[in-house]
Amino acid sequence: MLVKMKSSADGDIKSVADHVKAHGCEVKIFKSEDNAAVAVLGEGREQKINLSELSALSGVEKVYTKDYFLTSRAFKNSDTVVKVGDVTFGGGSRVVMAGPCAIESYEQTDAIGKAISAMGVKVMRGGAFKPRTSAYSFQGLGIDGLKIGREVADKYGMLFVTELTDARYLEAFTKYVDIIQVGARNSQNFELLKDLGTCGKPILLKQGMSDNLDTWLSAAEYIYSRGNERIILCERGINGTDNKYYRNVTDINALLAMKKLTHLPLCMDPSHGSGRRDFIEPLSCMAVIAGTDALLIEVHNCPECALCDGAQSLHLDEFKHLLEALKVYEEAYKNASALV
Ligand code: PEP
Ligand code: MN
Numbered sequence: 000m001l002v003k004m005k006s007s008a009d010g011d012i013k014s015v016a017d018h019v020k021a022h023g024c025e026v027k028i029f030k031s032e033d034n035a036a037v038a039v040l041g042e043g044r045e046q047k048i049n050l051s052e053l054s055a056l057s058g059v060e061k062v063y064t065k066d067y068f069l070t071s072r073a074f075k076n077s078d079t080v081v082k083v084g085d086v087t088f089g090g091g092s093r094v095v096m097a098g099p100c101a102i103e104s105y106e107q108t109d110a111i112g113k114a115i116s117a118m119g120v121k122v123m124r125g126g127a128f129k130p131r132t133s134a135y136s137f138q139g140l141g142i143d144g145l146k147i148g149r150e151v152a153d154k155y156g157m158l159f160v161t162e163l164t165d166a167r168y169l170e171a172f173t174k175y176v177d178i179i180q181v182g183a184r185n186s187q188n189f190e191l192l193k194d195l196g197t198c199g200k201p202i203l204l205k206q207g208m209s210d211n212l213d214t215w216l217s218a219a220e221y222i223y224s225r226g227n228e229r230i231i232l233c234e235r236g237i238n239g240t241d242n243k244y245y246r247n248v249t250d251i252n253a254l255l256a257m258k259k260l261t262h263l264p265l266c267m268d269p270s271h272g273s274g275r276r277d278f279i280e281p282l283s284c285m286a287v288i289a290g291t292d293a294l295l296i297e298v299h300n301c302p303e304c305a306l307c308d309g310a311q312s313l314h315l316d317e318f319k320h321l322l323e324a325l326k327v328y329e330e331a332y333k334n335a336s337a338l339v
């Protein structure tokens, strides 16, 4: 549960926090320029805390037992800026994260890492644990893949983002990874989300397969309410009507709506959003026009030989072209935004 306070007055916040602690629960206090709230955490809180007693405490405006609040603009109206090393998500900058769908070998990752870092990419992606539909498809290199990703990212001065599929690998991720990705298949794995709330690493949270925007933000709230405010939300396409011509439906509307709903930085993944190499550049440009803060793009030195998602992976020269095209659209976006 979450207690929204009427004001940021420290005395009231303290008495709510003391009340909660006295009943055997943990608290986290959140303040924005507009609001203050106290999250009630810990097992059994529903049994330990009496709702009407809590609601009656001085300074309490509302007690949330459903929905989300901290991740919404109602809590904090100004854009949140997530800093990871020298990379900034939100606040006007545009981050392009790129790399293979899966880390397949040191040589493959090194070739891609070398090429994209020379093009100015600061964050390399690459899956080590691959959630595949078929039990017989390539499942990723596991911990060895994490080590390769780390080594290559360090070699070329990039950050490393990769997907965590199970909490049992969290320790290794804490060691080798800069940004932990939660994939579409795990965005409602609530126990995993709880662990990520205290892991100390920034999170790239994809929209789940069956998420709408409210349930997606509720997933982010699991992480945020446990104290991890460094979350980037990534649109990755929603399930379409027939998957004959493209894999998923890139939801540009979601970017526009999420900009209004949440203060967290937004990302778009046109690779999984379309499943089509030839759609990635135009979709990326559209995302820029829709105000995305970041892009997540699959690139491969040999998409035809890729063990995973080759059809939606750009060739290196196509990726270079995309980066040039993005500059044109970014300029247009800036000019249009400056119009009165
Ligand atoms: C990925 O980015 O590697 C991935 C598996 O994406 P999603 O979870 O969006 O399917
Ligand atoms: Mn992929």
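At position 45 of the sequence shown the residue is numbered 44 (numbering that gives the first Met the number 0), and the sequence of numbers has no breaks.
Beta carbons are placed, not taken as given, at the ideal position from N, Cα and C, and that holds for glycine.
query: What is the rounded straight-line gap between the Cα of Arg275 and the Cα of Ile251?
result: 16 Å
field: Inter-stretch contact at 8 Å, needing at least 3 Cβ pairs: the segment 196-215 / the segment 173-181
entry: yes
Rounded separation between Ser92 and Gln46 - CA only: 45 Å
- prompt: Does the beta-carbon of Thr173 have 16 or more other beta-carbons within 10 angstroms, so that it is buried, or is it exposed?
  reply: exposed
message: Suppose you measure from the CA of Glu401 to the CA of Gly144; what does that come to, to the nearest Å?
response: As shown, the chain starts at 0 and ends at 339. That puts residue 401 outside it, with no answer to give.
- request: Rounded to whole angstroms, what's the CA-CA distance from Glu170 to Ile142? Just pull it up for me.
  value: 11 Å
Helix, strand or coil at Tyr221 according to DSSP, with G and I counted as helix: helix
message: Any heavy atom of the ligand PEP inside 7 Å of the beta-carbon of Asp165?
response: no
message: Given 7 Å as the limit, tell me if Arg72 has its C-beta closer than that to any heavy atom belonging to the ligand PEP.
response: no
Residue of Ala36, Val86 and Ile48 minimising C-alpha distance to Phe68: Ala36
Euclidean distance between Cα positions of Ala331 and Gly58: 47 Å
message: Rounding to the nearest angstrom, what Cα-Cα distance links Leu263 and Gly89 in this structure?
response: 8 Å
- prompt: For Gln180, which beta-bridge partners are listed by DSSP?
  reply: Glu162 and Leu203
Cβ pair Pro130, His299 closer than 8 Å: no
message: Could you give the first and the last residue of the continuous beta strand (DSSP E) run that contains Arg124?
response: Val122 to Arg124
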